[in-house]
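Participant:
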Amino acid sequence: MIIMEQKPFEEILSFLKDEKSIFIVGCAQCATVCKVGGEEEVKAMKDKLESQGKKVSGWVVIDPACQSVEVKKNFQANKDKITSTDAILVMACGNGVQSVKDSAERIKMEKPVHPACNTLFLGEVVRAGYFEEKCSLCGDCLLEVTGGICPVTRCSKGLLNGPCGGSSEGKCEVDPERDCAWALIYEELKKRRKLDRMKAIQPAKDHSKLIKPRTLTLGS
Amino acid sequence: MLFEALKSGKFVVTSEIGPPKGVEMREILSEAEFFKGKVEAVNVTDLQSSVMKLGSLATCRLLVESGVEPVFQITCRDRNRLALQSDILSAYVLGIRNLLILTGDHPKLGDDPAAKPVFDLDSVQLLEAVKKLQEGEDMAGNKLEGEPPKFFMGAVVNPGADPIEPQIIKMEKKIKAGAQFFQSQAVYEPEKFAQFMKKVKGFDVPVLVGIVLLKSAGMARYMNKNVSGVYVPDPLIEEMEKVEKEKRGEKSIEIAARLIRELKGLCQGVHIMPLGWGNKVPKVLEAAGL
Ligand code: SF4
Ligand code: SF4
Numbered sequence: 010m011i012i013m014e015q016k017p018f019e020e021i022l023s024f025l026k027d028e029k030s031i032f033i034v035g036c037a038q039c040a041t042v043c044k045v046g047g048e049e050e051v052k053a054m055k056d057k058l059e060s061q062g063k064k065v066s067g068w069v070v071i072d073p074a075c076q077s078v079e080v081k082k083n084f085q086a087n088k089d090k091i092t093s094t095d096a097i098l099v100m101a102c103g104n105g106v107q108s109v110k111d112s113a114e115r116i117k118m119e120k121p122v123h124p125a126c127n128t129l130f131l132g133e134v135v136r137a138g139y140f141e142e143k144c145s146l147c148g149d150c151l152l153e154v155t156g157g158i159c160p161v162t163r164c165s166k167g168l169l170n171g172p173c174g175g176s177s178e179g180k181c182e183v184d185p186e187r188d189c190a191w192a193l194i195y196e197e198l199k200k201r202r203k204l205d206r207m208k209a210i211q212p213a214k215d216h217s218k219l220i221k222p223r224t225l226t227l228g229s
Numbered sequence: 435m436l437f438e439a440l441k442s443g444k445f446v447v448t449s450e451i452g453p454p455k456g457v458e459m460r461e462i463l464s465e466a467e468f469f470k471g472k473v474e475a476v477n478v479t480d481l482q483s484s485v486m487k488l489g490s491l492a493t494c495r496l497l498v499e500s501g502v503e504p505v506f507q508i509t510c511r512d513r514n515r516l517a518l519q520s521d522i523l524s525a526y527v528l529g530i531r532n533l534l535i536l537t538g539d540h541p542k543l544g545d546d547p548a549a550k551p552v553f554d555l556d557s558v559q560l561l562e563a564v565k566k567l568q569e570g571e572d573m574a575g576n577k578l579e580g581e582p583p584k585f586f587m588g589a590v591v592n593p594g595a596d597p598i599e600p601q602i603i604k605m606e607k608k609i610k611a612g613a614q615f616f617q618s619q620a621v622y623e624p625e626k627f628a629q630f631m632k633k634v635k636g637f638d639v640p641v642l643v644g645i646v647l648l649k650s651a652g653m654a655r656y657m658n659k660n661v662s663g664v665y666v667p668d669p670l671i672e673e674m675e676k677v678e679k680e681k682r683g684e685k686s687i688e689i690a691a692r693l694i695r696e697l698k699g700l701c702q703g704v705h706i707m708p709l710g711w712g713n714k715v716p717k718v719l720e721a722a723g724l
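In the order they appear, the protein sequences are chains A and B. Per my numbering, the first sequence starts with residue 10, numbered consecutively. Per my numbering, the second sequence starts with residue 435, numbered consecutively.
Written as structure tokens, this is what we have:
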């Protein structure tokens, strides 16, 4: 899941200072779980904007905002409210904001888009309201050799060959409250009698596989 | 030469200086003077503790010019693989022959936490890269022109790490990747260090035990709390605490010398980190009978 938080309202308001009327887009998936773009938050945003003298021409919560076909369908269904508005405020991740912008362009309903969230990381919903980053989309997954614990993400330095000198009693030098990824990997591999995996030298990552922006076409 | 000294089997002494924050070199160059003829080589730290400072490479060159053999410390924190390899080639043409490869602290712990942590390589991968440079190829396999450089390449190990096994696994990988000597994190517990040395006996790579000059009881407590794998036992802290401020220097020398005498039989040398007290290093060596 994409983990995000809402920007401070003052910042959002500053983005909208030249816009009189606004259409709000939320997202039914990650943004809803993170409580920044579900129906509840969208309605609350509408009220807050109206209390600041803005006109909210309408709103929609798309399931999900990162899927072009869904954006287009919802925009067609709200055509009047969108064509009559000055701008769109997207209460979803950064990917959602751009998906909304690009999808709207594809159906000639383009409008300026404004982001309402700061997108933080790809993470696990450990429990309601608590999220942990677990993967950084490195393009060449190492979890098989590291006992299912990602060193690229969960080690602050992304080290691939074992702990740094700062690892202390299982905790990380960067934040003593947090587990050192390499202490976890060591314990896991030891338990599974697979320490030989930790003993093999891992080559450096091939960043040529990670040139941005990436695309993927299925079946090609 | 450090390489020859270690090969000869004699007990080797190295020390360390940290470049200034700024361009005022007088102080550290005069500190280096104390090392002349007393230690085999002097490490120059690379933005130690992630504090932005003048560079290790330039300082190493100034040491070469003043007749002190440097050990160029190079961390993975600030440079990608191109810049790391390039700086290592630069070091060679500047007359620098010893390298010490480290991961580096995280920038979050330094004086500009907003800096981007690079860590394109880790210490094992950088050691391998240097090994390849010495075989005439860069990391990507492209040929170097002319004679390849030749270095004496070291790495670090933390004998006090808990648990110790991951450290030892990494140490073994570093050796496989080309490490020819080790300098250790500060040691204050000879017993524990002896156990560590027993575990790595088969590795057959020289280890220089790390000694940090204790400056005060407060510093010892700080290290106990904040420096991974370093533990100053209470009796040592009490010893420091009991002496008056003016006598701390002498006490520090006495403790360091005592530790060195206790550790001497266990390893191949000692790496003294004076943290600015370079002028005390000759006295430590004298008191330790070196
Ligand atoms: S190694 Fe880590 S960052 Fe890379 S794909 Fe696997 S989990 Fe994600
Ligand atoms: S302490 Fe562990 S998790 Fe933290 S940077 Fe070092 S190896 Fe990575």
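In this text, a Cβ means the ideal position worked out from N, Cα and C, and glycines have one as well. Since this is a predicted model, take the numbers as computed values, not measurements.
(1) In angstroms with no decimal places, state the Cα-to-Cα distance between A:Cys231 and A:Gln61.
(2) Would you please state the rounded distance, in angstroms, between the beta carbons of B:Phe585 and B:Asn532? I believe it to be under 8 Å.
(3) Enumerate in chain order the residues of its own chain whose CB-to-CB distance from B:Ile609 is below 7 Å, with the five nearest sequence positions on each side excluded.
(4) So the candidates are A:Ile71, A:Lys57 and A:Asp72; which of them puts its Cα closest to the Cα of A:Val65?
(5) If you run the structure through DSSP and keep just helix, strand and coil, what is A:Met13?
(6) Which of the three DSSP states, helix, strand or coil, is assigned to B:Ser500?
(7) If you draw a straight line from the alpha carbon of B:Glu678 to that of B:Val478, how long is it in whole angstroms?
(8) Can you find a CB in chain B that lies within less than 9 Å of the CB of A:Trp68?
(9) Taking just the CA atoms, how far does B:Val590 sit from B:Pro583?
(10) Check for me: the alpha helix (DSSP H) holding B:Ser686 runs from which residue to which?
(11) Just to confirm before moving on: does the CB-CB distance between A:Asn104 and A:Glu14 stay below 9 Å?
(12) Just to make sure I have the definition right: I need the residues of chain A whose C-beta is within less than 8 Å of the C-beta of B:Glu678. Which are they?
(13) Throw me the rounded Cβ distance for the B:Asp480 and B:Ser490 pair, which I believe falls under 8 Å.
(14) A:Glu178 touches chain B at which residues, Cβ-Cβ below 7 Å?
(15) Let me check one thing: in DSSP terms, what residues is B:Ser650 bridge-paired to?
(16) Compute the minimum distance between the beta carbon of B:Arg511 and the heavy atoms of ligand 2, and state whether it is under 8 Å.
(17) Label A:Ile158 either buried or exposed according to how many other C-beta atoms from any shown protein chain fall within 10 Å of its C-beta, with 16 as the threshold for buried.
(18) Per DSSP, what kind of secondary structure is A:Arg136 in: helix, strand or coil?
(19) What residue range does the alpha helix (DSSP H) around A:Asn104 cover?
(20) Shortest alpha-carbon distance to A:Ile220 belongs to which of A:Pro185, A:Thr155 and A:Gly148?
(21) Are any of the Cβ atoms in chain A nearer than 9 Å to that of B:Ala613?
(22) Pick helix, strand or coil for A:Lys180, following the three-state DSSP scheme.
(23) Leaving out five residues on either side along the sequence, give the residues of the same chain with a beta carbon under 6 Å from the beta carbon of A:Asn83.
(24) Whose C-alpha, out of B:Pro504, B:Gly663 and B:Lys487, is nearest the C-alpha of B:Arg495?
(25) Buried or exposed, going by whether 16 or more other CB atoms sit within 10 Å of the CB of B:Asn576?
(26) Consider the Cβ of A:Cys150: report whether some Cβ of chain B lies at a distance smaller than 9 Å.
(27) What is the DSSP secondary structure of A:Thr226, reduced to helix, strand or coil?
(28) Taking all protein chains shown into account, do 16 or more other C-beta atoms lie within 10 angstroms of the C-beta of A:His123, making it buried, or fewer, making it exposed?
(29) Give the secondary structure of A:Gln38 by DSSP, where H, G and I count as helix, E and B as strand, and everything else as coil.
(30) Which of the three DSSP states, helix, strand or coil, is assigned to B:Gly544?
(31) Return the CA-CA distance between B:Ala511 and B:Pro551, expressed in angstroms with no decimal places.
(32) Please check if any C-beta of chain A sits within less than 9 Å of the C-beta of B:Val666.
(33) Starting from A:Tyr195, find everything on chain B with Cβ-Cβ shorter than 9 Å and list it in chain order.
(34) Any residues whose CB sits closer than 5 Å to a heavy atom of ligand 2? List them in chain order?
(35) Please confirm if B:Gly663 has its CB atom under 9 Å from at least one CB of chain A.
(36) Nearer than 8 Å: is that true of the beta carbon of A:Gly148 relative to any heavy atom of ligand 1?
Facilitator: Let's see:
(1) Residue 231 of chain A falls outside the range modelled here, since chain A spans only 10 to 229, and no answer is possible.
(2) 7 Å between Cβ atoms; contact.
(3) So the list reads Phe637 and Val639, once near-sequence residues are dropped.
(4) Cα-wise, what sits closest to A:Val65 is A:Lys57.
(5) Reduced to three states, the DSSP call for A:Met13 is strand.
(6) Residue state, collapsed to three classes: coil.
(7) So the two alpha carbons sit approximately 32 Å from each other.
(8) Any Cβ of chain B closer than 9 Å to the Cβ of A:Trp68 would place that residue at the interface, and such an atom is absent.
(9) So the two alpha carbons sit approximately 22 Å from each other.
(10) Secondary structure note for B:Ser686: its alpha helix (DSSP H) is the uninterrupted segment Arg682 to Leu697.
(11) In this structure, A:Asn104 sits away from A:Glu14, with a CB-CB distance that is not shorter than 9 Å.
(12) Neighbours of B:Glu678 on chain A: none; closest Cβ ~33 Å, over 8 Å.
(13) Their Cβ separation, rounded to whole angstroms, is 4 Å, which keeps B:Asp480 and B:Ser490 in contact under 8 Å.
(14) Here the neighbours are Asp596.
(15) As DSSP reads the structure, B:Ser650 sits in no beta bridge.
(16) Ligand 2 never approaches B:Arg511 closely enough for any of its heavy atoms to be under 8 Å from the residue's Cβ.
(17) A:Ile158 should be labelled buried.
(18) A:Arg136 sits in a strand when the DSSP states are folded into three classes.
(19) Where A:Asn104 is concerned, the enclosing alpha helix (DSSP H) stretches over Gly103 to Arg115.
(20) Among A:Pro185, A:Thr155 and A:Gly148, the Cα nearest to that of A:Ile220 is on A:Gly148.
(21) It does not: the Cβ of B:Ala613 has no partner Cβ on chain A nearer than 9 Å.
(22) DSSP, read as helix, strand or coil, puts A:Lys180 in strand.
(23) Val69 and Ile71, listed in sequence order.
(24) Each of B:Pro504, B:Gly663 and B:Lys487 was checked against the Cα of B:Arg495, and the nearest Cα belongs to B:Pro504.
(25) The Cβ neighbour count for B:Asn576, taken over all protein chains shown within 10 Å, is under 16; the residue is labelled exposed.
(26) Among the CB atoms of chain B, none fall inside 9 Å of the CB of A:Cys150.
(27) Coil at A:Thr226, not helix or strand.
(28) Per the 10 Å Cβ criterion, buried.
(29) A:Gln38 falls in the coil class under three-state DSSP.
(30) Correct three-state label for B:Gly544: coil.
(31) For clarity, residue 511 of chain B is Arg in the given sequence; the question names Ala instead. For B:Arg511 and B:Pro551, the distance between alpha carbons rounds to 6 Å.
(32) No, B:Val666 does not count as interfacial toward chain A.
(33) Here the neighbours are Pro597, Glu599, Pro600 and Ile603.
(34) By the rule of a C-beta closer than 5 Å to any heavy atom of ligand 2, the residues picked out are A:Cys164, A:Ser165, A:Lys166, A:Pro172, A:Cys173, A:Gly175, A:Ser176, A:Cys181, A:Glu182, A:Cys189, A:Ala190 and A:Trp191.
(35) At least one chain A Cβ lies under 9 Å of B:Gly663.
(36) Result yes, Cβ under 8 Å from ligand 1.
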